[in-house]
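The opening position of the sequence shown corresponds to residue 0 in numbering that gives the first Met the number 0, with each subsequent residue numbered one higher.
Scroll down for the structure; my scribbles are underneath it.
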Amino acid sequence: MVPADEARRHEGARMKITVFGAGAVGCHFAARMARAGVGFTLVARPATARAIEREGLRFISTSEDFTVPVTVVDDTRNLGPQDAVIVALKAYSLAAALDDLAPLLGSHTTVVFAVNGIPWWYGLGGQTPLGPLDALDPGGRIASRIGIDRSAGCVVHSANMMEGTATVRNISTRNRFFLGAAGASPLPQLAPLTRILAGSLDEVVPADDIRREVWKKLLHNLPASLIGCLTRSRADQIAASPRLSDLYRQVREEARRVALALGIELADDTDAQLRHMSILKHRASMLQDLLAGRRLEIDAQVLAVREIAARCDVPVPKVDLLATLLQALEANSSADRIP
0 MVPADEARRH EGARMKITVF GAGAVGCHFA ARMARAGVGF TLVARPATAR
50 AIEREGLRFI STSEDFTVPV TVVDDTRNLG PQDAVIVALK AYSLAAALDD
100 LAPLLGSHTT VVFAVNGIPW WYGLGGQTPL GPLDALDPGG RIASRIGIDR
150 SAGCVVHSAN MMEGTATVRN ISTRNRFFLG AAGASPLPQL APLTRILAGS
200 LDEVVPADDI RREVWKKLLH NLPASLIGCL TRSRADQIAA SPRLSDLYRQ
250 VREEARRVAL ALGIELADDT DAQLRHMSIL KHRASMLQDL LAGRRLEIDA
300 QVLAVREIAA RCDVPVPKVD LLATLLQALE ANSSADRIP
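Laid out in structure tokens, this is it:
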């Protein structure tokens, strides 16, 4: 009998896989896949591609520190159609990346979106179809160019940050990745890709209802990002402040009611989440972006929730107020933004 890890390597050698995006999440995927012997191509910006090609890709965690060579390109035109593409971009970058994604898409290609917040495809399926969400895909460009029938979601529970252009640091004690189809159509490439990733990453979980996993993560990320950005507070600082932790509860409850209006019932585990936050000296990824002068993922993590709430007639006064303040902060900070 062929050992499971060897079988996964053979499966990985047969599949044509591209990781599109060399930020912290994309580099986490790439480093761990490369170390597991999976064949794939990483697509990065020119300067990043040159650095990774020259230095290799370094992965640092509390238990590992290794550098691996990675096949990396900055131009997708010669890659041809892939069996699977893992898109690890900020949500606001997707529309601009459509032309670069196009050469990778064949009739059989599965596209996995590993993005924060509400994904662009959310309103096009599920128990309560909403239609396209203006906050995520105005004009439906992504839907028309990629389509929900080839799309899957990946909800990432893993805290990573880039240190330079070719080093990714993982600071999570547990890394989990939930994968599931976005629409009702079967995705033949998703099962073998999930097996390959299971042999590369810490914990990969097939999700029967990926939308439920989206909301489970968003229930924390929404209040943590809003409060963190507006007060510059880490997770432990939010948990330690009676007023901030109370605001966290209120925003989380508003998000829970929106999910419920979509047919997704989630337990109220706020107390457990705050206890976990109390030991984390960690800044939300949106706060990291704010402090670094980068554009914020307000559309996917905040405004899409507000749009869904309005369509479902669910009042979200705290989300609405904090979103307005954060939009103003973002607008006033844009002059100093790093491109």
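No residue lacks a Cβ here, since even glycine has one placed at the ideal position from N, Cα and C.
9 angstroms Cβ cutoff met for residue i and residue j
i	j	result
residue 116	residue 300	yes
residue 307	residue 261	yes
residue 35	residue 198	yes
residue 309	residue 121	no
residue 80	residue 104	yes
residue 278	residue 247	no
residue 102	residue 75	yes
residue 24	residue 51	no
residue 54	residue 40	no
residue 146	residue 206	no
residue 204	residue 186	no
residue 159	residue 202	no
residue 269	residue 253	no
residue 38	residue 124	no
residue 64	residue 43	no
Whole-Å CB distance - residue i paired with residue j, under 8 angstroms assumed
i	j	result
residue 172	residue 59	Their Cβ separation, rounded to whole angstroms, is 14 angstroms, which puts residue 172 and residue 59 out of contact at 8 angstroms.
residue 215	residue 295	Actually they are not in contact, since the Cβ atoms of residue 215 and residue 295 sit about 22 angstroms apart, beyond 8 angstroms.
residue 250	residue 321	7 angstroms
residue 29	residue 69	5 angstroms
residue 164	residue 323	Wrong, their Cβ atoms sit about 35 angstroms apart, outside the cutoff.
residue 142	residue 109	The pair is not a contact, with the Cβ atoms about 16 angstroms apart (cut-off 8 angstroms).
residue 267	residue 256	At roughly 11 angstroms, the Cβ-Cβ gap does not stay under 8 angstroms, so residue 267 and residue 256 are not in contact.
Residue i, buried or exposed, once every other Cβ within 10 Å from all chains shown has been counted against 16
i	result
residue 98	exposed
residue 195	buried
residue 192	buried
residue 31	buried
residue 157	buried
residue 333	exposed
residue 132	buried
residue 150	buried
residue 138	exposed
residue 27	buried
residue 45	exposed
According to DSSP, residues forming a beta bridge with residue i
i	result
residue 179	152
residue 19	42 and 86
residue 168	59 and 160
residue 28	Partner(s): none; residue 28 has no beta bridge.
residue 64	59
residue 205	178
Worksheet entry | Segment contact flag, the stretch 280-298 with the stretch 238-246, C-beta cutoff 8 angstroms, min 3 pairs | The stretch 280-298, when compared against the stretch 238-246, does not touch it at the 8 angstroms Cβ threshold.
Worksheet item: When the Cβ atoms of the stretch 15-25 are set against those of the stretch 78-97, are three or more pairs found closer than 8 angstroms?
Response: Yes: at least three Cβ pairs fall under 8 angstroms.
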